[in-house]
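A.B. asks: After the structure tokens below, expect a handful of questions from me.
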Amino acid sequence: MFLVFLGAPGAGKGTQAAIASRKLGLAHVASGDLFRQAVDKGTRLGKSVKAYMDKGALVPDEVTIQLISERLNEPDCRSGCVFDGFPRTTEQARALDRMVTSRGEAIDKAIYIEVTEKELLKRLSGRWICRKCQAPYHEVASPPKARNICDKCDGELYQRSDDTEETVRERLKVYFAQTTPVLDYYQAEGKLFAVDGNLGMEEVSDNIIDALGPKLVKTK
Ligand code: AP5
Ligand code: MG
Ligand code: ZN
């Protein structure tokens with residue numbers, strides 16, 4: 009099964025993709041996490057994408073598509089995966105279709121997590137991320153058990169450098185200009201399913217699993 013999670017910065021793509029991938033036993037493929045790991049390690053890829061991320065701009069399609077194509081070839085993606093933060097342009101959506109159809113598969117559903125702008129800003133300003141496993145926390149909505157330490161892996165928590173007010177504003181602008189057309193792309197294919205992302209994490213997650221329907225969930 010191949011699922012795509014769509015939504016604005018801070019909508020809860022990472023949170024929900026992690027829960028869904030655990031429930032369905034699928035790999036979680038998050039383009040932003042892969043880029044951040046490359047930046048942390050100081051690899052050539054990391055050096056080439058850092059300036060785009062710092063500005064809140066999209067990394068060029070060519071670089072992003074190459075990264076995802078390599079990730080998809082890893083063994084844990086053989087039976088499918090949950091995409092988080094990819095595709096972000098219609099060019100990326102078309103490339104993803106080519107990648108999965110060449111394996112005789114298809115994107116099953118695109119889940120659109122809809123959240124008001126006011127709530128997005130609240131979520132991003134209170135977010136903390138694990139440096140080791142990338143799990144997201146929130147000061148108010150989902151604080152870690154111990155301050156600054158990840159519940160799952162004991163990693164150190166930090167605030168993303170692109171979660172400053174100015175960069176968040178730019179990321180939202182980029183999202184509305186370049187990523188909302190991806191919603192139309194999946195809508196036209198009859199694959200888009202919108203969930204109310206303003207609700208609590210568990211409720212959103214239950215609604216997503218319901219949206220997948222027994223046919224998709226049973227295949228796992
Ligand atoms: P990326 O890392 O994908 O960032 P984003 O899309 O801006 O989304 P976020 O990760 O900020 O939000 P999220 O939806 O995952 O929310 P989360 O679950 O953390 O991309 C970063 C950068 O990388 C881009 O700007 C670009 O430069 C580059 N990039 C990445 N992919 C690319 C691509 N495909 N093409 C080109 N460039 C690319 O939740 C947010 C907060 O809310 C957390 O604190 C969480 O605990 C909390 N929360 C979650 N759900 C709830 C809830 N239901 N109730 C209350 N709080 C909640
Ligand atoms: Mg994320
Ligand atoms: Zn962790």
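Counting from 9, one number per residue, gives the positions in the sequence shown under our numbering. Where a beta carbon is used, it is the ideal one built from N, C-alpha and C, also for glycine.
1. Just checking G22 against the ligand ZN - is the residue's beta carbon closer than 7 Å to any of the ligand's heavy atoms?
2. Counting only beta-carbon separations shorter than 8 Å, does P144 have a partner in chain C?
3. Under a three-way DSSP split, which group does I217 fall into?
4. Taking DSSP as the reference, what is the three-state secondary structure of V47?
5. According to DSSP, is S56 part of a helix, a strand, or is it coil?
6. Checking the sheet assignment: what are the DSSP bridge partners for K117?
7. Look up E197 in the DSSP assignment and say whether it is helix, strand or coil.
8. So, does the segment 21–40 touch the segment 72–87, judging by three or more C-beta pairs under 8 Å?
9. Please report the residue range of the beta strand (DSSP E) in which I157 lies.
10. Under 7 Å: does the beta carbon of G54 sit that close to some heavy atom of the ligand MG?
11. Alpha carbon to alpha carbon, how far is F94 from G208?
12. Hey, would you say A16 sits closer than 8 Å to L180, going by beta carbons?
13. Is the beta carbon of L224 closer than 8 Å to that of M9?
14. I217 to S29, Cα distance in whole Å?
C.D. replies: Let's see:
1. The sequence position of residue 22 within the sequence shown is 14, counting from 1. No, the beta carbon of G22 sits no closer than 7 Å to any heavy atom of the ligand ZN.
2. The structure shown has no chain C; it contains just one protein chain.
3. Here residue 217 refers to the residue found at position 209 when the sequence shown is read from its first residue. I217 falls in the helix class under three-state DSSP.
4. Taking the sequence shown and counting its residues from 1, the one referred to as residue 47 is at position 39. Residue state, collapsed to three classes: helix.
5. Counted from its first residue, the sequence shown places residue 56 at position 48. Three-state result, S56: helix.
6. For the purposes of this step, residue 117 is identified with residue 109 of the sequence shown, where counting begins at 1. In DSSP, K117 forms a bridge with L11.
7. Against the sequence shown, residue 197 aligns to sequence position 189. E197 falls in the coil class under three-state DSSP.
8. Short answer: they touch.
9. Reading the sequence shown from its first residue, position 149 is the one you call residue 157. Per DSSP, I157 belongs to no beta strand (DSSP E) and is neither H nor E.
10. Working through the sequence shown from its first residue, we reach residue 54 at position 46. Result no, Cβ not under 7 Å from the ligand MG.
11. Taking the sequence shown and counting its residues from 1, the one referred to as residue 94 is at position 86. Taking the sequence shown and counting its residues from 1, the one referred to as residue 208 is at position 200. Each residue's CA atom was taken as its position, placing F94 and G208 some 24 Å apart.
12. Walking along the sequence shown from the start, residue 16 turns up at place 8. Walking along the sequence shown from the start, residue 180 turns up at place 172. Closer than 8 Å, so yes.
13. One-based indexing of the sequence shown puts residue 9 at position 1. One-based indexing of the sequence shown puts residue 224 at position 216. Yes, they are a contact pair.
14. Sequence index remark: in the sequence shown, residue 217 carries index 209 (1-based). Sequence index remark: in the sequence shown, residue 29 carries index 21 (1-based). Taking the straight line from one Cα to the other gives about 11 Å.
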